[in-house]
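Colleague: Take this structure, written in structure tokens, and hold onto it; I'll ask about it next.
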Amino acid sequence: NAGVTQTPKFQVLKTGQSMTLQCAQDMNHNSMYWYRQDPGMGLRLIYYSASEGTTDKGEVPNGYNVSRLNKREFSLRLESAAPSQTSVYFCASWGAGNTYEQYFGPGTRLTVT
Amino acid sequence: AQSVTQPDIHITVSEGASLELRCNYSYGATPYLFWYVQSPGQGLQLLLKYFSGDTLVQGIKGFEAEFKRSQSSFNLRKPSVHWSDAAEYFCAVGTYNTDKLIFGTGTRLQVFP
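Chains U and S, in that order, are what the protein sequence lines are. For the first sequence, position 66 (counting from the first letter as 1) is numbered 49 according to my numbering, and the numbering increases by one without interruption. Position in the second sequence (first residue = 1) + 397 = my numbering.
Okay, here's the thing in structure tokens:
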């Protein structure tokens, strides 16, 4: 049981390049999330998916797109990276019922130059 | 608007000293409250959570938190801090009818020997 996994762990992009951050969970959770973490800002929600086939914007969606490929996988795409997107990105999934909590992946550290 | 405030950005304590990290929330509905810890370069790990019942909640690693509705607070405590507790701590709030959390901006804990 790996929990929530993310790839890659580190990435450096040039301004204007595109990339996709991958996330997968093996806990059969319905809800999945993408956050960004910046110093002094805490975690801010970019997008989330309440179930397979549905996605909704969070607090800071501009410049990002997401795909809920199936119940396990939720990807985040930067179409044209900007220096302001330099951040640490976390994927999470939500365990309802008795485990009511969000489980986090290890994060992806992205630098855009 | 719903919000979570962690008034202390950075706290420094000596090893063996007691610790209290503050968290205040503003939430219209009955809150579910969480404390997460993030070690350097790692994802977030749940320390403890409160849904209802006893307002003093025990968590992992010797931490506890007390929910005080009258003060809209959920402060995290530990009687004796260990050097390995040095990390960033996040308070978060949710409610029963949503699967999204609102995070505070975090408190960085530094422990001196």
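Think of the CB as a built atom: it goes at the ideal place given N, C-alpha and C, for glycine as much as any other residue.
For chain U, check one thing: does any of its Cβ atoms lie closer than 7 angstroms to the Cβ of Asp496 of chain S?
Modeller: Counted from its first residue, the second sequence places residue 496 of chain S at position 99. The Cβ of Asp496 of chain S sits closer than 7 angstroms to at least one Cβ of chain U.
Colleague: Check the DSSP bridge columns for Thr495 of chain S and list the partner residues they point to.
Modeller: Position 98 of the second sequence, counted from the start, is the residue given in the question as residue 495 of chain S. Paired residue(s): none; Thr495 of chain S is not in a bridge.
Colleague: Distance, Cα to Cα, Lys436 of chain S vs Ser481 of chain S?
Modeller: As a working mapping, residue 436 of chain S is identified with position 39 in the second sequence. As a working mapping, residue 481 of chain S is identified with position 84 in the second sequence. It should be pointed out that residue 436 of chain S corresponds to Ser in this sequence rather than to Lys. Roughly 9 angstroms separates the two Cα atoms.
Colleague: Could you list the residues in the stretch -15 to 9 of chain U with a C-beta less than 7 angstroms from some C-beta on chain S, going in chain order?
Modeller: Residues: none.
Colleague: If you measure between the beta carbons of Met15 of chain U and Phe73 of chain U, is that distance less than 7 angstroms?
Modeller: Along the first sequence, one-based indexing puts residue 15 of chain U at 32. Along the first sequence, one-based indexing puts residue 73 of chain U at 90. No, they are not a contact pair.
Colleague: Would you say Ser70 of chain U faces chain S, with C-beta separation under 7 angstroms as the test?
Modeller: Here residue 70 of chain U corresponds to residue number 87 of the first sequence, with the count starting at 1. Closer than 7 angstroms: no.
Colleague: Between the stretch 82 to 96 of chain U and the stretch 34 to 47 of chain U, do three or more beta carbon pairs fall short of 8 angstroms?
Modeller: With fewer than three CB-CB distances shorter than 8 angstroms, the stretch 82 to 96 of chain U does not count as touching the stretch 34 to 47 of chain U.
Colleague: Taking the alpha-carbon positions, what's the Tyr424 of chain S to Gly25 of chain U distance?
Modeller: Here residue 424 of chain S refers to the residue found at position 27 of the second sequence. Here residue 25 of chain U refers to the residue found at position 42 of the first sequence. Taking the straight line joining both Cα atoms gives about 18 angstroms.
Colleague: When DSSP labels each residue in this structure, what does Lys446 of chain S get in the three-state scheme?
Modeller: Looking up residue 446 of chain S in the second sequence gives position 49. When DSSP states are grouped into helix, strand and coil, Lys446 of chain S belongs to the strand group.
Colleague: Can we say the stretch 443 to 455 of chain S touches the stretch 57 to 72 of chain U, given the rule of at least three CB pairs closer than 8 angstroms?
Modeller: The answer is no - the stretch 57 to 72 of chain U does not touch the stretch 443 to 455 of chain S, with fewer than three Cβ pairs under 8 angstroms.
Colleague: DSSP three-state call for Arg466 of chain S: helix, strand or coil?
Modeller: Looking up residue 466 of chain S in the second sequence gives position 69. Helix.
Colleague: Do the CB positions of Gln403 of chain S and Thr492 of chain S come within less than 7 angstroms of each other?
Modeller: Here residue 403 of chain S corresponds to residue number 6 of the second sequence, with the count starting at 1. Here residue 492 of chain S corresponds to residue number 95 of the second sequence, with the count starting at 1. It is not a contact, given that the beta carbons lie outside the stated cut-off.
Colleague: Tell me which residues of the stretch 10 to 22 of chain U have at least one Cβ-Cβ distance to chain S shorter than 7 angstroms, keeping chain order.
Modeller: Those would be Ser14, in chain order.
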